[in-house]
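Visitor: Got a structure here, written out as structure tokens. Questions coming.
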Amino acid sequence: RERMTPVQMKKIEKAASSVIDCFSEGLEGHVDTACKIIEEGDFDADELVVAGDLTVDKAEHTAQLVNRMSRSIRKVSRNKRVIILKGNHDYFSEEHPFFEFLGDVPGVTFVSVPTVIKLDNGYKAYFVPAGTNWNAYEFAIPSDIDFLFTHCTWHGSQVENGSLLPGVDPGIVKDSGAYCFSGDVHV
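Just so we're aligned, residue 291 is where the sequence shown starts under the working numbering, counting upward by one.
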């Protein structure tokens, strides 16, 4: 497998850093801000991956929030593929994620079960949403992937107050050789 060049990794780091910085505006604005950063930035991005937790609330979203988020995602999806990973704050009932309807928008994929997707740049990514049983006998990370996008808390993740959280054993991915990214509102 051809690995990413340092220049490609720097672009990803720059985009990720810019998107992470927008969290200071509050979660209800982070998707709008992320979309704006991708649209206006010089990242040469092929797609936008939202690694879950579109909102803090699991239900009872205002019409204003849903419409604003939907508009932002539709706007980006006109020029870039958008992949949304189901986060633990994206559903009240795991079988019925609130924002699953966005997967009906052309250019948008909503991932609610572990799925391998070939990215537009030719790399393969494995998307593992919230609620996945990482300890299940059948669960295995494909050996030929380049990226792993998850929505989980890794064991030992440190939160703002310095506490270490329990979670999925990071050893499960150490031999995959994939670049790993995880979205979780708390980590």
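In this text, a Cβ means the ideal position worked out from N, Cα and C, and glycines have one as well.
Here the structure is a predicted model, which means the values were calculated and not measured.
Nearest CA to the CA of T345: which residue from F389, L438, A430?
Guide: Of the candidates F389, L438, A430, the one whose C-alpha sits nearest the C-alpha of T345 is F389.
Visitor: If you drop the 5 nearest sequence neighbours on each side, which residues of the same chain put their C-beta closer than 6 Å to that of S466?
Guide: Cβ neighbours of S466 beyond the five flanking positions: I431.
Visitor: Counting pairs of Cβ atoms below 8 Å between the region 447-455 and the region 414-423, do you hit three or more?
Guide: Result no; under three Cβ-Cβ pairs closer than 8 Å.
Visitor: Would DSSP call V449 helix, strand or coil?
Guide: Coil.
Visitor: Just verifying my parser: in three-state terms, what is the DSSP assignment at A353?
Guide: It is helical.
Visitor: Check whether the Cβ atoms of V398 and S367 lie closer than 8 Å to each other.
Guide: Against a cut-off of 8 Å, the Cβ pair of S367 and V398 comes out as a contact.
Visitor: Go to T440, then tell me how far its beta strand (DSSP E) extends in each direction, as first and last residue.
Guide: Start and end: 437-440.
Visitor: Tell whether a beta-carbon distance below 8 Å holds between A341 and F471.
Guide: Against a cut-off of 8 Å, the Cβ pair of F471 and A341 comes out as a contact.
Visitor: Using DSSP with H/G/I as helix, E/B as strand and the rest coil, what is I431?
Guide: Three-state DSSP puts I431 in coil, outside helix and strand.
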